[in-house]
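Okay, so the sequence shown: first residue is 57 according to this note's numbering, each after it adds one. Encoded as structure tokens, the structure appears first; notes follow it.
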Amino acid sequence: MIRFVVAGHRAIASGDFKLDDIAGGAGRLDVLVRCVNSAFFLSHSIRTDVELYLILQGGEDAPKTVRFVGSELRYLNPDERSTASLIRNALLKKTGTCEARSSPGIYVSKDSFFDVIDKLKQISSIVYLKEDGNDVREYEFPENVTFVLGDDKDLTAEEENAVMSCSPSKICLGPISLHADHCMIVVLNELDRSNAV
């Protein structure tokens, strides 16, 4: 299983935003929407071995986590507006102490970034994607792996400490900084190439 955790530092967790303003009024939700597309879409299919955790940390209803499960996904299309609509529908769903299903393959909870990391470190190897890490081409990927990265902002010091306390590997994807969604594509390509050999 391949998992990604993306911290959406300003993304509005209430679902109270307009679909034609996901870059501004929704707190850079556009970055997270692009991460959904990068995590799942292939040329003619969807990756079924990927899970994506989007942690929305903006607004009064924060935090909330929207989890996408590739093997269960339905109704996911490659355009940003319809993906933003799926996220908004999840955020508008009432959540209690348990995760709630909003549509096939999409779940929402009140989990914080720290809650998600605590849960995943028990079932998965944690890999922190960071510019000052070791070269990805020298890294041997475990079978069950979680990659952690920020949105258009780096992880906060507290978030980074929580990730590093899991004794994770820290890897770099190349000599220049990339957008979060591009990082995901590079990682998946490296995994595809290593599995093809």
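Idealized CB from N, CA, C, for every residue including glycine.
Exercise for the section: Give the range of the beta strand (DSSP E) segment to which valine 201 is assigned. Expected result: For the purposes of this step, residue 201 is identified with residue 145 of the sequence shown, where counting begins at 1. Residue range 201-206 is occupied by the beta strand (DSSP E) that includes valine 201.
Exercise for the section: Using the Cα positions of alanine 140 and proline 160, report the straight-line distance between them to the nearest angstrom. Expected result: The sequence position of residue 140 within the sequence shown is 84, counting from 1. The sequence position of residue 160 within the sequence shown is 104, counting from 1. Cα-Cα distance, rounded: 15 Å.
Handout entry: Beta-carbon gap between phenylalanine 73 and alanine 67 smaller than 7 Å
Key = To locate residue 73, count along the sequence shown from 1; it is residue 17. To locate residue 67, count along the sequence shown from 1; it is residue 11. Not closer than 7 Å, so no.
Practice task
On the DSSP bridge assignment, give the partners of leucine 112 in chain order.
Solution key: For the purposes of this step, residue 112 is taken as the residue at position 56 of the sequence shown. Answer is Gly64, Lys120.
Practice task
Spatial neighbours of tyrosine 195 within its chain, please: CB distance less than 7 Å, with the 5 preceding and 5 following residues excluded, ordered by chain position.
Solution key: Here residue 195 is taken as the residue at index 139 of the sequence shown, counted from 1. Excluding residues within five positions, the ones whose Cβ falls inside 7 Å are Ser225, Ile227.
Practice task
Would you grab the beta carbon distance between proline 119 and alanine 156 for me? Rounded to a whole angstrom, and I think it's under 8 Å.
Solution key: In the sequence shown, the residue the question calls residue 119 occupies position 63. In the sequence shown, the residue the question calls residue 156 occupies position 100. Your pair proline 119 and alanine 156 does not check out as a contact, with CB atoms roughly 15 Å apart and the cut at 8 Å.
Practice task
Kindly examine the ligand ZN and report whether one of its heavy atoms sits closer than 6 Å to the Cβ of lysine 166.
Solution key: With respect to the ligand ZN, the structure offers nothing, as it holds no ligand at all.
Practice task
Answer yes or no: do cysteine 222 and isoleucine 182 have a C-beta to C-beta separation smaller than 7 Å?
Solution key: The residue given as residue 222 occupies position 166 in the sequence shown. The residue given as residue 182 occupies position 126 in the sequence shown. Contact: yes.
Exercise for the section: Evaluate tyrosine 131 with the Cβ neighbour count: other Cβ atoms within 10 Å of its Cβ, from every protein chain shown; 16 or more gives buried, anything less gives exposed. Expected result: Here residue 131 refers to the residue found at position 75 when the sequence shown is read from its first residue. When all chains shown are included, tyrosine 131 counts as exposed.
Exercise for the section: Indicate whether tyrosine 80 and valine 106 have their beta-carbon atoms separated by less than 7 Å. Expected result: Taking the first residue of the sequence shown as 1, we reach residue 80 at position 24. Taking the first residue of the sequence shown as 1, we reach residue 106 at position 50. Correcting the residue type first, residue 80 is glycine in the shown sequence and not tyrosine. The answer is no: Cβ separation not under 7 Å.
Problem - Proximity to alanine 95 [Cα-Cα], best of Asp207, Gly206, Asp237, Leu185 - result: Locating residue 95 in the sequence shown gives position 39, counting from the first residue. For the residues Asp207, Gly206, Asp237, Leu185, the minimum Cα distance to alanine 95 belongs to Asp237.
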